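K.L.:
Per the working numbering, residue 3 is the first one in the sequence shown, and the count goes up by one each step. Built from N, CA and C at the ideal position, the CB exists for glycine as well. Here the structure is a predicted model, which means the values were calculated and not measured. This is the structure I want to talk about, given as structure tokens.
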Amino acid sequence: MTMLKTLAPYDVKSRDAVENYKGRQLLYVNWERHRMFSRPFVLALPPETLFSVIIDQYMTDCFSYHPDWKQIDWNTVVWQNGNTPFTPDRNKSLKENGIGHKDLIRFRTPGLDGIAGTGY
3 MTMLKTLAPY DVKSRDAVEN YKGRQLLYVN WERHRMFSRP FVLALPPETL
53 FSVIIDQYMT DCFSYHPDWK QIDWNTVVWQ NGNTPFTPDR NKSLKENGIG
103 HKDLIRFRTP GLDGIAGTGY
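This is the structure:
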């Protein structure tokens with residue numbers, strides 16, 4: 003990795019650090035192969051939020067207008083935290099599931115690949 007040397011001390015605090023969100027953390031959520039949603043949704047949630055609430059409330063609010071949403075078999079969903087596969091426990095919180103500030107949760111729904119299988 004290349005390291006850069008600055009001409010003067012560079013002590014800049016991140017403006018999107020978790021401390022700046024009043025007890026909440028940013029969570030990015032992306033439904034793979036569903037480009038009707040061009041980018042991940044960003045949610046600001048307390049780390050104590052149960053994963054079931056994220057699915058049943060927040061993700062439903064974001065994604066439910068896609069025709070595939072009502073057809074999801076949640077027992078077959080494939081989850082990733084960034085590029086790392088994981089299996090979330092619906093009865094545990096973000097924190098208990100090891101999901102941190104600014105993590106990207108990606109989920110894939112086998113057999114549901116967008117409208118008419120187009121990825122849209």
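Taking PHE65 as part of the alpha helix (DSSP H), name the residues at either end of that continuous run.
P.N.:
Walking along the sequence shown from the start, residue 65 turns up at place 63. Counting along the chain, the alpha helix (DSSP H) containing PHE65 begins and ends at 62-65.
K.L.:
Taking only the alpha-carbon atoms, compute the straight-line gap between SER95 and MET61 and give it to the nearest angstrom.
P.N.:
Taking the first residue of the sequence shown as position 1, residue 95 is located at position 93. Taking the first residue of the sequence shown as position 1, residue 61 is located at position 59. Cα to Cα, SER95 sits roughly 15 Å from MET61.
K.L.:
Helix, strand or coil: how does DSSP classify TYR30 here?
P.N.:
To locate residue 30, count along the sequence shown from 1; it is residue 28. Secondary structure of TYR30 (DSSP, three-state): strand.
K.L.:
Does the region 3-17 come close enough to the region 30-45 that 3 or more CB-CB pairs lie under 8 Å?
P.N.:
A contact is defined here as three or more CB-CB pairs under 8 Å, and the region 30-45 fails this definition with respect to the region 3-17.
K.L.:
Return yes when the Cβ of HIS103 is within less than 8 Å of the Cβ of VAL44, no when it is not.
P.N.:
Walking along the sequence shown from the start, residue 44 turns up at place 42. Walking along the sequence shown from the start, residue 103 turns up at place 101. Cβ atoms of VAL44 and HIS103: not closer than 8 Å.
K.L.:
Counting pairs of Cβ atoms below 8 Å between the region 38-58 and the region 84-101, do you hit three or more?
P.N.:
Touching, yes.
K.L.:
Can you give the Cα-Cα distance for ARG37 and TYR67, rounded to whole angstroms?
P.N.:
Indexing the sequence shown from 1 puts residue 37 at position 35. Indexing the sequence shown from 1 puts residue 67 at position 65. Distance between the alpha carbons of ARG37 and TYR67 is about 13 Å.
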